[in-house]
Amino acid sequence: MNELVKYEDLEKKIISIRQTEVILDRDIAFLFNVETRALKQAVKRNISRFPLEFMFELSNEEMDFLVSQSVIPHKKYFGGAKPFAFSEQGVAMLSAVLNSPLAIEVSIKIMKVFVQYRKVMASNKYLIQKLDNLETRYINFESKTETRFEAVFNAIEKNTLPPKEGVFYEGQIFDAYVLACNIIKTAKKSIVLIDNYIDESVLTLLTKRQNGVIATIFTKAISKQLELDIKKHNQQYPAIEVKVFSKSHDRFLIIDNQIVYHIGASLKDLGKNWVAFSKMNLESLNMINKLGM
Numbered sequence: 034m035n036e037l038v039k040y041e042d043l044e045k046k047i048i049s050i051r052q053t054e055v056i057l058d059r060d061i062a063f064l065f066n067v068e069t070r071a072l073k074q075a076v077k078r079n080i081s082r083f084p085l086e087f088m089f090e091l092s093n094e095e096m097d098f099l100v101s102q103s104v105i106p107h108k109k110y111f112g113g114a115k116p117f118a119f120s121e122q123g124v125a126m127l128s129a130v131l132n133s134p135l136a137i138e139v140s141i142k143i144m145k146v147f148v149q150y151r152k153v154m155a156s157n158k159y160l161i162q163k164l165d166n167l168e169t170r171y172i173n174f175e176s177k178t179e180t181r182f183e184a185v186f187n188a189i190e191k192n193t194l195p196p197k198e199g200v201f202y203e204g205q206i207f208d209a210y211v212l213a214c215n216i217i218k219t220a221k222k223s224i225v226l227i228d229n230y231i232d233e234s235v236l237t238l239l240t241k242r243q244n245g246v247i248a249t250i251f252t253k254a255i256s257k258q259l260e261l262d263i264k265k266h267n268q269q270y271p272a273i274e275v276k277v278f279s280k281s282h283d284r285f286l287i288i289d290n291q292i293v294y295h296i297g298a299s300l301k302d303l304g305k306n307w308v309a310f311s312k313m314n315l316e317s318l319n320m321i322n323k324l325g326m
């Protein structure tokens, strides 16, 4: 068996238990060309030479761990007895106890492997530390980037949200239309429009709402023509409920039962003449209750 193969064989037999690199009695016995029972008996006869840092007996939990990690196939691998685990110093002491040329020769090679194993582990710890540092830096970078993106998106959202108040002058029909569309698109759950004068253009405007948003209109009267418009609209698009309500002089647009816009003209007439709009700072619940919703 050449030196390279010997090194590879020995390296595979070193395991880490209790934060210590050890080799098990069965593997040492094989390498020393002695029976495991004879090796353990020699240890027991000289137990004073083997303090815990030299040798210890594996617990049931540690044996279960070795099985789970495929280090050993099953607990009966050791013949029913709990194995001894030897550290580097324990291997050196064991060769002195056995006092055979082969044991001495093999123990020297085992100790060299222990040294090499520690170097590899130290190198791995250095790499792991570097990876941990890189991961920490990445997490910090990701967190800062997320914060920056959030700030950018908030700024964009702030600029794209409908203004709180303003005036449209005569002829600003498209600008007023875009504002109404933007307000309608902000709704997540519901839209309530209070407007005494609506036509099919208002129904079309409400198709701009998001999927699943419920739309309700309160208006002064429902003519035969408007009734037909509503019927045809609801046959093709998500239904809009239209109710008769004659107690309001002004126009209001209520978004998600929370946000109330006061609009100075009917939605169908926005931009035809001067018209003001404003986002009202009031409790919408009272208005919703008075509508009987």
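Under the numbering used here, the first residue of the sequence shown carries the number 34, and numbering increases by one thereafter.
Quick reminder that beta carbons are idealized off the backbone N, C-alpha and C, glycines included.
Predicted model, so just to flag it, every value in this text is computed and none were measured.
Query - Residue span of the beta strand (DSSP E) that contains residue 266, given as start and end - result: Start at 1 with the first residue of the sequence shown, and residue 266 comes out as number 233. From DSSP, residue 266 is part of no beta strand (DSSP E) but of the alpha helix (DSSP H) over 257-269.
Report task. Measure the alpha-carbon distance for residue 224 versus residue 247 and round it to whole angstroms. Result -> Position 191 of the sequence shown, counted from the first residue, corresponds to residue 224. Position 214 of the sequence shown, counted from the first residue, corresponds to residue 247. Going from the Cα of residue 224 to the Cα of residue 247 covers about 6 Å.
Query raised in the report: Among 127, 101, 122 and 114, which has the Cα closest to the Cα of residue 91?
Result: Counting from one through the sequence shown, the residue named residue 91 turns up at place 58. Selected option, being the one with the closest Cα: 114.
Requested in this report: Below 6 Å CB to CB, which residues in the same chain sit around residue 45 once its five sequence neighbours on both sides are set aside?
Outcome: Within the sequence shown, residue 45 is the residue found at index 12, counting from 1. Excluding its 5 nearest sequence neighbours in each direction, residue 45 has no C-beta neighbour in its own chain below 6 Å.
Query raised in the report: Thinking C-alpha only, which one of 64, 138, 206 and 58 is nearest residue 89?
Result: On the sequence shown, position 56 is the one that residue 89 refers to. Here the closest residue by C-alpha is 58.
**Report entry** Burial state of residue 123 (16 or more Cβ within 10 Å)
**Finding:** On the sequence shown, residue 123 is found 90 positions in, with the first residue counted as 1. Result: buried.
Requested in this report: For my contact list, residue 139 and residue 85 are in at a C-beta cut-off of 8 Å; report their separation, rounded to the angstrom.
Outcome: For this step, residue 139 is matched to residue 106 along the sequence shown. For this step, residue 85 is matched to residue 52 along the sequence shown. About 23 Å; that fails the 8 Å criterion.
Requested in this report: Over the uninterrupted beta strand (DSSP E) stretch that includes residue 284, give me the two end residues.
Outcome: For the purposes of this step, residue 284 is identified with residue 251 of the sequence shown, where counting begins at 1. It spans 284-288 - the beta strand (DSSP E) in which residue 284 sits, taken as one unbroken run.
Report task. Count the other C-beta atoms from every protein chain shown that fall within 10 angstroms of the C-beta of residue 38, then say buried if there are 16 or more, exposed otherwise. Result -> In the sequence shown, the residue the question calls residue 38 occupies position 5. Here the model assigns residue 38 a pLDDT of 35, short of 50, so the residue's position is not dependable and the matter cannot be decided.
Query raised in the report: Counting only runs that start and end within the region 201-260, where is the alpha helix (DSSP H) found for 4 or more residues in a row?
Result: Inside the region 201-260, DSSP marks whole alpha helix (DSSP H) runs of 4 or more residues at positions 206-218 and 233-239, from first to last along the chain.
Query - Euclidean distance between Cα positions of residue 211 and residue 235 - result: Here residue 211 corresponds to residue number 178 of the sequence shown, with the count starting at 1. Here residue 235 corresponds to residue number 202 of the sequence shown, with the count starting at 1. Residue 211 and residue 235 have their alpha carbons spaced roughly 13 Å apart.
Query raised in the report: Could you check where the beta strand (DSSP E) with residue 67 kicks off and where it finishes?
Result: In the sequence shown, residue 67 corresponds to position 34, counting from 1. In the DSSP assignment, residue 67 falls outside any beta strand (DSSP E), carrying neither H nor E.
**Report entry** Cutoff 6 Å; reference residue 276; Cβ partners in own chain excluding five residues on either side
**Finding:** Numbered from 1 along the sequence shown, position 243 holds the residue referred to as residue 276. If we look at residue 276 and ignore the five residues flanking it on each side, its Cβ neighbours are 251.
**Report entry** Other residues of its chain near residue 87: CB distance less than 8 Å, five sequence neighbours each side excluded
**Finding:** Taking the sequence shown and counting its residues from 1, the one referred to as residue 87 is at position 54. Excluding sequence neighbours, residue 87 sits near 119, 120, 122, 123 and 126.
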